[in-house]
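Participant:
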Ligand code: DLL
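Residue numbers (this note's numbering): 60 to 492.
1. Can you grab the Cα-Cα spacing for the pair residue 196 / residue 443, in whole Å?
2. When we look at the beta-carbon of residue 70 and count the other beta-carbons within 10 Å, is it buried (16 or more) or exposed?
3. How many whole angstroms separate the CB atoms of residue 143 and residue 160, which I take to be in contact at a CB cut-off of 8 Å?
4. Tell me the start and end of each unbroken beta strand (DSSP E) in the segment 184–266 that is at least 3 residues and wholly inside, in chain order.
5. Would you report the Cα separation of residue 375 and residue 76, rounded to the nearest angstrom?
6. Looking at the ligand DLL, does it come within less than 7 Å of residue 362, judged from the CB to the closest heavy atom?
7. Pick helix, strand or coil for residue 442, following the three-state DSSP scheme.
8. Using a threshold of 8 Å, state whether the C-beta atoms of residue 158 and residue 120 are closer than that.
9. In the DSSP output, what is residue 432 paired with across the bridge?
10. Is residue 330 helix, strand or coil by DSSP?
11. Got a sec? Which residues, its chain only, sit under 7 Å from residue 289 by beta carbon, not counting five neighbours each side?
12. Are residue 493 and residue 454 closer than 8 Å when you measure CB to CB?
13. Could you tell me whether any non-hydrogen atom of the ligand DLL is closer than 7 Å to the CB of residue 165?
14. Along the chain, where does the alpha helix (DSSP H) that runs through residue 80 open and close?
15. Would you mind reading off the limits of the alpha helix (DSSP H) that contains residue 275?
16. Relative to the ligand DLL, is the shortest distance from any of its heavy atoms to the C-beta of residue 325 smaller than 7 Å?
17. List the endpoints of the continuous alpha helix (DSSP H) containing residue 66.
18. Could you tell me whether any non-hydrogen atom of the ligand DLL is closer than 7 Å to the CB of residue 197?
19. Helix or strand or just coil, what does DSSP make of residue 158?
20. Mind checking whether the beta-carbon of residue 126 lies closer than 7 Å to any heavy atom of the ligand DLL?
21. By DSSP, does residue 451 sit in helix, in strand, or in coil?
22. Looking at residue 289 and the ligand DLL, is the gap between the Cβ and the nearest heavy atom below 7 Å?
23. Does DSSP put residue 341 in a helix, a strand or coil?
24. Count the other C-beta atoms from every protein chain shown that fall within 10 angstroms of the C-beta of residue 530, then say buried if there are 16 or more, exposed otherwise.
25. Looking at the ligand DLL, does it come within less than 7 Å of residue 382, judged from the CB to the closest heavy atom?
26. To the nearest angstrom, how far is the alpha carbon of residue 233 from that of residue 401?
Written out as structure tokens, the structure reads:
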């Protein structure tokens, strides 16, 4: 089912003309209302009237987290505070949080896009949506909540944590759609297994997971353990929250970008020059319709590429390849670029190894060291020492061969790596301390 067919199946030409019209309006508005943006555009020698084609977007200056920090908390809002009805903020591992605001119309637009996203994932108005994204300043909980209501589904606003209770509610209330981070989904699957829950007792059918990178191997693992279809959803607070892009249930391959509301670009992560369609680089978004907190060419630091092939679902929106890493998470180990999701992909493929791991990076003298701590199954752990040794060697060999970096694999007892209830922390980089 296509929820918002008029837009989602628009011919490309019509869509691009809509984008251009909205872009011109947005840029003119931002120039008028936000002195900081106007000053940046003046410094770059570009005026709103110079935006004559979609390609002209690359004449505009980028916006980064640094710009948001300089204008903390509300300096980039384009409307007076009395028109702002909601605030969210991203936690930010360092420094100030990034603060974003929404007008009534923004909340309505977001709810509509989330309803569309849920529908693309295969959810229906008669579903019971178990929303285990965290409620609060994080955009996941409330963003998904309003979308599920807009779709007409029944929402259980359970938020994250208290996993045993979640499972009881899931069983008693007949939850059919699960929303949470992929790492939390895995945590739930494990608790279900411990409690001897038979999947047949549950009505779960679809899971809509995002807010953190997760590998294809992890998707297979979650689908198997929960007996559901696992759909990837992408978004970020600065651009809106969840629902900027979503996989369709038909293909589960690449995430359709809500292009009637967001203009996506891919730029070279070093030179920031636009890359040709289809090449991989850093994702950049310009919001086309947001009122309170529009962003112009926001550099996400997420790596992806645009997929322009037609999709069997009928949507004309381009897809973005699953984001498997962001530049902030990229570890440079003895000169080799490594993403946690690449290590995850290797680990999940090895027999007896559980998908719970921690990566520890350190420096001995001038040399970087990489340690991968990973849990193994109860069976393997109680097995002969020689099997544990063989598994250790296999992990080290596979990581060396596939990622080009040597590491120390440490097998740890089942249930010793901390479980996630939201965004998982997978890396401890002691070089930064
Ligand atoms: O994580 C919004 C969200 C909530 C998305 C619920 C999906 C589901 P932030 O906390 O601002 O917003 O974090 C945004 O999370 O730049 C990516 O690095 C990462 N991220 C989000 N979704 C995905 C995904 C929410 N599907 C940052 N795959 C983004 C990989 C993702 N990374």
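Glycine residues also receive a C-beta, built at the ideal position from the N, C-alpha and C atoms. All figures in this text were calculated on a predicted structure; none of them were measured in a lab.
Facilitator: Taking the definition as stated:
1. By 1-based counting over the chain shown, the position of residue 196 is 137. By 1-based counting over the chain shown, the position of residue 443 is 384. Distance between residue 196 and residue 443, taken at the CA atoms: about 48 Å.
2. Numbered from 1 along the chain shown, position 11 holds the residue referred to as residue 70. That one is exposed.
3. Along the chain shown, read from residue 1 onward, the residue named residue 143 stands at position 84. Along the chain shown, read from residue 1 onward, the residue named residue 160 stands at position 101. About 4 Å; that satisfies the 8 Å criterion.
4. The beta strand (DSSP E) runs lying completely inside the segment 184–266 and spanning 3 residues or more are 187–190, 213–215 and 236–239, given in chain order.
5. As a working mapping, residue 375 is identified with position 316 in the chain shown. As a working mapping, residue 76 is identified with position 17 in the chain shown. Distance between the alpha carbons of residue 375 and residue 76: 14 Å.
6. Your numbering for residue 362 matches position 303 in the chain shown. Residue 362 has its Cβ no nearer than 7 Å to any heavy atom of the ligand DLL.
7. Position 383 of the chain shown, counted from the start, is the residue given in the question as residue 442. DSSP places residue 442 in coil when its eight states are reduced to three.
8. Translated into the one-based positions of the chain shown, residue 158 becomes position 99. Translated into the one-based positions of the chain shown, residue 120 becomes position 61. With a cutoff of 8 Å on beta-carbon distance, residue 158 and residue 120 are scored as not near each other.
9. Within the chain shown, the letter at position 373 stands for residue 432. According to DSSP, which records beta bridges pairwise, residue 432 is partnered with 417 and 469.
10. Here residue 330 is taken as the residue at index 271 of the chain shown, counted from 1. In the three-state reduction of the DSSP assignment, residue 330 falls in the coil class.
11. Position 230 of the chain shown, counted from the first residue, corresponds to residue 289. Result list for residue 289: 266, 268, 278, 281 and 282, in chain order.
12. Only positions 60 to 492 of the chain appear in this structure, which leaves residue 493 out of reach.
13. As a first step, residue 165 must be located in the chain shown, where it is residue number 106. Not one heavy atom of the ligand DLL sits closer than 7 Å to the Cβ of residue 165.
14. The residue given as residue 80 occupies position 21 in the chain shown. Start and end: 71–92.
15. The count along the chain shown starts at 1 and reaches residue 275 at position 216. Counting along the chain, the alpha helix (DSSP H) containing residue 275 begins and ends at 275–285.
16. For this step, residue 325 is matched to residue 266 along the chain shown. Not under cutoff, so the answer is no.
17. As a first step, residue 66 must be located in the chain shown, where it is residue number 7. Looking at the DSSP string, the run of the alpha helix (DSSP H) that includes residue 66 is 64–67.
18. Here the question's residue 197 lines up with position 138 in the chain shown. Under cutoff, so the answer is yes.
19. Within the chain shown, the letter at position 99 stands for residue 158. In the structure shown, residue 158 sits in a strand (DSSP, three-state: E or B).
20. In the chain shown, counting from the first residue as 1, residue 126 sits at position 67. No.
21. Here residue 451 refers to the residue found at position 392 when the chain shown is read from its first residue. Of the three classes helix, strand and coil, the one that applies to residue 451 here is helix, per DSSP.
22. Working through the chain shown from its first residue, we reach residue 289 at position 230. Checking the Cβ of residue 289 against the ligand DLL gives no.
23. Sequence index remark: in the chain shown, residue 341 carries index 282 (1-based). In the three-state reduction of the DSSP assignment, residue 341 falls in the strand class.
24. Outside the displayed range of the chain (60 to 492) lies residue 530, so it cannot be described from this structure.
25. Position 323 of the chain shown, counted from the first residue, corresponds to residue 382. Yes, the Cβ of residue 382 comes within 7 Å of a heavy atom of the ligand DLL.
26. Numbered from 1 along the chain shown, position 174 holds the residue referred to as residue 233. Numbered from 1 along the chain shown, position 342 holds the residue referred to as residue 401. Cα to Cα, the separation comes out at about 35 Å.
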